[in-house]
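For reference, the structure is listed below as structure tokens.
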Amino acid sequence: MNINFNDMDKIVIKAKKVECIIGLFFLLPPVLGVFAFVLQLFNADTDFSMLRDLSSNWTNDYSSEGGGGMSAAPIYLGLMAIAGVYLIKDSSYALFIKNKQEQEQK
3 MNINFNDMDK IVIKAKKVEC IIGLFFLLPP VLGVFAFVLQ LFNADTDFSM
53 LRDLSSNWTN DYSSEGGGGM SAAPIYLGLM AIAGVYLIKD SSYALFIKNK
103 QEQEQK
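In the working numbering, the protein residues as written are 3 to 108.
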């Protein structure tokens, strides 16, 4: 297989762009969670910030055998934030790189 360095650079840049987009996707729910938390701190009575159905959907109810349970949502959101930042850390530069061919065509 004969691949020159320009093709390899293009492949690496595309891979880094995909990595950055996946990292941004992982950061979206934690950022929304922080936004809802801040709204809740200021007593905003919106459906988004109240999260009324969260307790029944994400926790064990008190009628079950073991009593109540803590929500695992903060752990999931924290792990998603860590994974997103790790993916974005070394790949965010790739979103701002343009191909030489695109620049020459313009």
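Just so it is clear, CB atoms sit at the ideal spot from N, CA and C, and this is done for glycine as well. Note that the structure is a prediction, hence the values are computed from the model and not measured.
Legend entry - Residue from 20, 29 and 74 whose Cα sits closest to the Cα of residue 98: 20
Legend entry - As assigned by DSSP and simplified to three states, the class of residue 8: helix
Legend entry - Selection from 100, 18, 30 and 44 that minimises the alpha carbon distance to residue 89: 18
Inset, instruction - Could you tell me the distance, in whole angstroms, from the CA atom of residue 25 to the CA atom of residue 85? - result: 7 Å
Legend entry - Three-state secondary structure assigned by DSSP to residue 130: Look at the range of the chain in this structure, 3 to 108, and you will see that residue 130 is not part of it.
Legend entry - Nearest-angstrom beta carbon gap, residue 29 and residue 74 [assumed within contact, 8 Å]: In fact, because the Cβ distance is near 19 Å, the residues do not count as touching under 8 Å.
Inset, instruction - Assign residue 76 to buried or exposed, taking buried as 16 or more other Cβ atoms, counted over all protein chains shown, within 10 Å of its Cβ. - result: exposed
Inset, instruction - Could you pull out every residue in the same chain whose Cβ sits closer than 7 Å to the Cβ of residue 79, ignoring the five residues on either side in sequence? - result: 31, 32 and 35
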